[in-house]
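Taking it in order: structure first as structure tokens, then the write-up.
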Amino acid sequence: MTQIADAEAALPAEPDLIEVSHLSKWYGTHQVLKDVSFAVKPSEVVCIIGPSGSGKSTLLRCVNFLEDFQQGSVTVRGKTVDYTTWRSGEGARDMRSNINQIRREVAMVFQQFNLWPHMTVLENVAQPLVLVHGNDRRQARERALHMLEKVGLTAKADEYPIRLSGGQQQRVGIARALAVEPAAILFDEPTSSLDPELVGEVLQVMKGLAREGMTMVVVTHEMHFAAEVADRVIFLDDGAKAEEGVPSEILLNSRNERTRRFLQTWVERNSLFGENSLRSAQK
């Protein structure tokens, strides 16, 4: 038994799929992200929580390079973008190549769905496969139908987004992200625009993805989801990472006063759960 344990201990650690290192960002003179570092391993679910305006969505957009940043780096599957060292010449071309590679590896699901209103549900899922990934239309259609089946929307394939509920539109957004076969998906408060009765259907799809081993980074105010699904929770406050740990540590036994105040405010405002229900969610 000792030999087996020693052999297992000698195995190399699983490499990080995403690594964010000392990332800082300013809008003019206002610093919105302050030296943020974290890593995500394959099949991990990391939930990012914190008050409005703390930089959560900006952080996700930097990881996907929808926003640039002034300091730090983002690495996905060994491809690194560091704006502080790659400014011109070959470095700039390398950076652009790496950004394009990273965007193929890391998909994003937005708050506001971002569906094309003039296209059907099927076309919304298939079109990126044709335009960005070079699939022929038959292959793209087959892949899109498979992803719509995965999120329970095959029957809506020929509908236009305006005829769908908010929850259904968000599930189309998830299907579109899944269709490109990403290594990870970033979710930017995917339920924040939904009526309360529609939140559950989106969270159920996300829980299913977690069970299947999809790597996910989720900005969320859904504390039950974080308690049940997350491997780790990061609390972001005023652009800085204030605390990071497993859900039981952060949500129930935080050592950080600001984290405790944030969670207490959330519980009082929503009156949805207390400590006992959080413990039940983690069992």
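Residues in the sequence shown are numbered from 87 upward in steps of one, following our numbering. Cβ atoms here follow ideal geometry from the backbone N, Cα and C, with glycine treated the same way. If you're wondering where the values come from, they're calculated on a predicted model, not measured in any experiment.
Residue from the options whose Cα sits closest to the Cα of residue i
| i | options | result |
| --- | --- | --- |
| Pro128 | His108, Ala99 and Gln156 | Ala99 |
| Asn150 | Leu280, Lys236, Arg190 and Trp112 | Arg190 |
| Met302 | Leu119, Leu109, Ser123 and Leu146 | Leu146 |
| Val332 | Val216, Ile135 and Ser110 | Ile135 |
| Tyr246 | Ile336, Leu201, Asp317 and Ser143 | Leu201 |
| Phe273 | Val132, Gln156 and Asp102 | Val132 |
| Val291 | Val258, Asp121, Glu105 and Leu208 | Val258 |
| Ser183 | Glu287, Gly299, Lys165 and Ser143 | Lys165 |
| Val315 | Asp323, Leu322, Arg163 and Val305 | Val305 |
| Arg199 | Val288, Ala230, Gln117 and Asp168 | Per the sequence presented here, residue 199 reads as Phe, with Arg not at that position. Taking only the C-alpha atoms, the option nearest Phe199 is Val288. |
| Val370 | His204, Thr206, Pro203 and Ala230 | Since the first and last residues shown for the chain are 87 and 369, residue 370 lies out of range. |
| Phe155 | Val126, Gln254, Ile188 and His108 | His108 |
| Glu308 | Thr277, Gln157 and Ser143 | Thr277 |
| Leu295 | Ile260, Ala313, Asp323 and Asp324 | Ile260 |
| Gln187 | Leu239, Met205, Arg163 and Ala313 | Arg163 |
| Gly286 | Gln254, Gly299, Gln117 and Pro268 | Gln254 |
| Leu239 | Ala193, Met300, Pro137 and Thr206 | Thr206 |
| Ala313 | Gly299, Ala125, Gly325 and Leu338 | Leu338 |
| Gln117 | Pro137, Val126 and Gly141 | Gly141 |
DSSP bridge partner residues for residue i (one or two, in chain order)
| i | result |
| --- | --- |
| Asp323 | Ala326 |
| Ser159 | Ser107 |
| Ile134 | Val305 and Ile320 |
| Trp112 | Gln117 |
| Gly331 | Val319 |
| Thr345 | Bridge partners of Thr345: none, in fact. |
| Leu272 | Met194 and Val303 |
| Phe124 | Val106 |
| Val258 | Paired residues: none, contrary to the question. |
| Val167 | Val160 |
Euclidean distance between Cα positions of residue i and residue j
| i | j | result |
| --- | --- | --- |
| Trp112 | Gln225 | 42 Å |
| Leu349 | Glu228 | 44 Å |
| Glu130 | Ile248 | 34 Å |
| Glu94 | Asp102 | Bear in mind that a pLDDT of 49 at Glu94, under 50, signals an unreliable position, so the model cannot answer this. |
| Ser110 | Phe196 | 22 Å |
| Ile336 | Val319 | 7 Å |
| Gln256 | Thr161 | 28 Å |
| Lys293 | Phe311 | 8 Å |
| Lys327 | Gln213 | 37 Å |
| Glu361 | Arg347 | Bear in mind that the predicted position of Glu361 carries a pLDDT of just 49, short of 50, making it unreliable; the figure below should be weighed with that in mind. Roughly 14 Å separates the two Cα atoms. |
| Glu275 | Gly252 | 13 Å |
| Val211 | Glu343 | 44 Å |
| Ser159 | Glu105 | 8 Å |
| Phe359 | Arg223 | The predicted position of Phe359 is uncertain, since its pLDDT is 47 and thus under 50; no value can be drawn from it. |
| Leu208 | Asp244 | 6 Å |
| Val218 | Arg341 | 45 Å |
| Arg297 | Ala270 | 14 Å |
| Gly139 | Phe321 | 13 Å |
| Tyr169 | Lys242 | 42 Å |
| Thr345 | Glu153 | 27 Å |
| Thr115 | Glu330 | 27 Å |
| Ser357 | His232 | Low per-residue confidence applies at Ser357: pLDDT is 47, beneath 50, and the placement is therefore not dependable enough to give any value. |
| Gln157 | Lys236 | 39 Å |
| Val122 | Val167 | 15 Å |
| Asp324 | His204 | 39 Å |
| Ala193 | Phe124 | 18 Å |
| Leu250 | Ser143 | 25 Å |
| Gly220 | Cys148 | 26 Å |
| Leu234 | Val126 | 27 Å |
heavy atom of the ligand HEM below 7 Å from residue i C-beta
| i | result |
| --- | --- |
| Met233 | The ligand HEM is absent from the structure shown, which contains no ligand whatsoever. |
Short CB-CB distance (under 8 Å) between residue i and chain C
| i | result |
| --- | --- |
| Ala312 | Going by chain labels, chain C is absent from the structure shown, which holds only one protein chain. |
Quick check: the segment 278-290 against the segment 261-268, are there 3 or more CB pairs under 8 Å? Touching, no, given that fewer than three Cβ pairs across the two stretches are closer than 8 Å.
Return the chain-ordered ranges of every alpha helix (DSSP H) run that is complete within the segment 209-250 and spans a minimum of 4 residues. 223-236
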